[in-house]
Each structure stands twice: as C-alpha cells, then as structure tokens.
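Here's the structure, in structure tokens; my notes come after.
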Amino acid sequence: MSIRIKDILIGCFLAFSTISYAQKNGEQPKNIILLIGDGMGLSEITAAQFYSENTSNFEEFNTIGLIKTSSSQELITDSAAAATAFACGEKTYNGAIGVDDNREPLKNIVDFVSNNGMATGLVSTSSIVHATPASFFAHVDSRRKYTEIATYLPSSEIDFVAGGGLQFFERREDGKDLVKTLKEKGFDVITDKLPKSTTSKKQAILLADDEMPKMLDGRGDFLPDATALALKHLSKNKKGFFLMVEGSQIDWGGHANDAEYLVSELLDFDKTVGVALAFAKKNKNTLVIVTADHETGGFTLAADGTDYNKIKMIFSTGGHSATMIPVFAKGPGAQKFAGIYENTEIYTKMVSSLIKKKN
21 MSIRIKDILI
31 GCFLAFSTIS
41 YAQKNGEQPK
51 NIILLIGDGM
61 GLSEITAAQF
71 YSENTSNFEE
81 FNTIGLIKTS
91 SSQELITDSA
101 AAATAFACGE
111 KTYNGAIGVD
121 DNREPLKNIV
131 DFVSNNGMAT
141 GLVSTSSIVH
151 ATPASFFAHV
161 DSRRKYTEIA
171 TYLPSSEIDF
181 VAGGGLQFFE
191 RREDGKDLVK
201 TLKEKGFDVI
211 TDKLPKSTTS
221 KKQAILLADD
231 EMPKMLDGRG
241 DFLPDATALA
251 LKHLSKNKKG
261 FFLMVEGSQI
271 DWGGHANDAE
281 YLVSELLDFD
291 KTVGVALAFA
301 KKNKNTLVIV
311 TADHETGGFT
321 LAADGTDYNK
331 IKMIFSTGGH
341 SATMIPVFAK
351 GPGAQKFAGI
361 YENTEIYTKM
371 VSSLIKKKN
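Oh and the sequence shown: position 157 is 177 in this note's numbering, straight run, nothing missing.
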C-alpha cells in the first residue's frame, strides 16, 4: 500500500474517530511503551529464566502473540526492514529506513501520535542513527548512511532520545554541526552522562561516539535508567506518549556467537522490561509491548550431550534466522496482540489501540 493510499485511509478513519485517553472500559491506552530486543528469539528469552537470579519479567505477561518477520523482498529480514514495519506498518526491503520498496518516505507512528499532541521518545544501546531507532524518525534508502540519517533528528517530532552516535552529529565530513542545530531546534544536548532529571526542553542524550559499551565492558544500568528518565520526561505530557526502547546488543552477541555477551545483554533488557512494567502498574492507562525484530544466531538451549541437567548454548549461524518472534503485551489494548500475524501489524495494532471508535 502506498503512503498516499495509507494516508487517505487513515484520514477517513480519523474523520470518524478521535484519540481517547480516559476510556471507562479500560481498553484504550494513553501511553504506549514498545520495547524491542534486537535479535531476541524465544531461546534468548528463555535464557532469562535459567541465567537470571530473579524471576524473568517476561513472566508478568498474559497476552502473547507471534509475528512473521520476512521483509518485502527477502525471506529473512534485517533490522532496518523490520523496524520500518513496526514504525510505518509496511513491508520493505532489507536496509530501508522509513521508506517503501520504491524508496518513497513512509509516515510513521511518531508522526501519527505527534499530530495528536502526544510526546515521543527513543532509547537505544546502539547509536541513535542505527537501523532500529532511525526507522522511527528518518527516511533514507540505506541503513548505512548514518550521516544522512542524523540530519533528520533535529527537525523530527522526537522529544527525547538517549543512546550513542555523537560522532554523526558533531564530527561530520560535511562540516555541519548538528549538535548546534539540535540546540537551535529546542533540544538540550547532553554528552557526558545520563542526567538525574530533565528540563522542559526536548532531550538529546548522546553518550558515546557510536554504540554504547557492552554490559560486559561496564555499561551498567544505562538502559533501565535511561528508560526511567524517558518515562519521567514524556509523562509530563497530559495527552500521553509513545516510547520505543531498544536492547540493541542482544543482536550483536548473536552475530558474534558469543553466549556470554548475548545473555548479559538479554538480562539487561529484561531488567528494562521491569522498569516499563513498574511504570505501567502505577499508570494503568499504559500499554507495554515487548517483541523483537528477528532472531539472531540460531541460538539454542540444548542438552549437553546426554546430560539433561546441563544446558549448552549453541548457535547455528552468524546471521539472522527466519523463526517467528514472540510478542508480549500488557495493559489496555493488550488483547489485540494475541495470535499470529505479520510484523506490520505491530504498527496497525498500536494505532488502532489509540483510536476511539465512534459510538
């Protein structure tokens, strides 16, 4: 479906509906938190049960679905095509950032909620111009065009970003100073450490030249703490918010076939899911969705030979796999996310969750 046809359909739909924030039946959220564990399949999630000292936060969910992840032109998706499906609701080719198969820009969930007065935020342990977060604010034909992707952030509708990628804003080959541009566009730009609180301005927290450090290299609680800070900042908007949080480096542990790397990142992501659920428990008008773009590494928790009391972590590939991916949902509108469906339905279900049907 082209962006023009999609806009017409959404426009017609909105002509008979409005965003709802206080539904007596509790079926529609005011806030949506979408957590994406990049490269996180079912075996990765299961690892949290075996390798965490605490009960996995995934066990808090009662509504669970499965998504099919193929991109428009490939059986096995990459992060860019998958994130574009989540953000824009349309299948596209591997490597695409917020564009369709014809390289035409697609409107995304950030555009939709911002047009209705909601706040928006992105948190990632990768560079903020990496494939997953970039697909929520940029429109570029290749995920590798990091310097071009960065130019979209200052004029975007994003209100809060936290992650890496500073070099793409301040030390550019074209000589542009995008840090200065961010400030001119109303952002506070923080580059030293995660602050304890925020001002009323937009926030651009860029704490590494490229990706954030690994958990194994001392990243600490950046992801859960940045998520908590984002929730505190965005929840000041009385009309609600949309927040995307990415545990980026689960994927990188899978690509490296490094079980210790993978599990450490997975446990950090699990802790972050707990932060989102704790917020939702206090703010019951919040929908929490947890999923992944694809599975990486063909990761398996296998018996160690004939010893069925010992788990051996095995990888079958250094790339992505084609397995379906779990979706966990909790809060108003969660029931929409049960079943088996295409990854584009994540977008469709989020948008429909925010729309009040005409009586």
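Even for Gly, the Cβ is constructed at its ideal location relative to N, Cα and C.
The beta carbon of G359 is closer than 7 Å to those of G85 in its chain, skipping five residues each way along the sequence.
For P49 against N257, the beta-carbon gap comes to about 14 Å, at or over 8 Å, which does not count as contact.
Cβ neighbours of T211 within its own chain (closer than 7 Å, five residues either side excluded): L186, L226, L227. By DSSP's assignment, K88 forms a beta bridge with E362.
Per DSSP, the unbroken beta strand (DSSP E) holding E266 starts and ends at 261-267. For secondary structure counted as the alpha helix (DSSP H) over 4 or more consecutive residues, the segment 119-154 holds these complete runs in sequence order: 129-134, 151-154. Around the beta-carbon of K302, fewer than 16 other beta-carbon atoms lie within 10 Å, marking it exposed.
Going by C-alpha positions, T337 is about 12 Å away from D278. Secondary structure of M333 (DSSP, three-state): strand. Taken through DSSP and simplified to helix, strand or coil, F180 comes out as strand.
By the CB criterion at 8 Å, S175 and G115 fall outside the cutoff. Within the same chain, and ignoring the five residues on either side of V160 in sequence, the residues whose Cβ sits closer than 6 Å to its Cβ are I117, E168, I169. When rounded, the separation of the alpha-carbon atoms in L254 and F261 is 6 Å.
When C-beta atoms of the segment 54-65 are compared with those of the segment 331-350, three or more pairs fall below 8 Å, so the two segments count as touching. Between the segment 230-240 and the segment 107-114, the count of Cβ pairs shorter than 8 Å is below three; the stretches do not touch. Per DSSP, reduced to three states, the secondary structure at Y328 is strand. If you draw a straight line from the Cα of T145 to the Cα of I178, it comes to about 17 Å. In this chain, the alpha helix (DSSP H) harbouring K302 covers 279-302. Fewer than three pairs of CB atoms, one per stretch, sit closer than 8 Å, so the segment 313-329 makes no contact with the segment 289-298.
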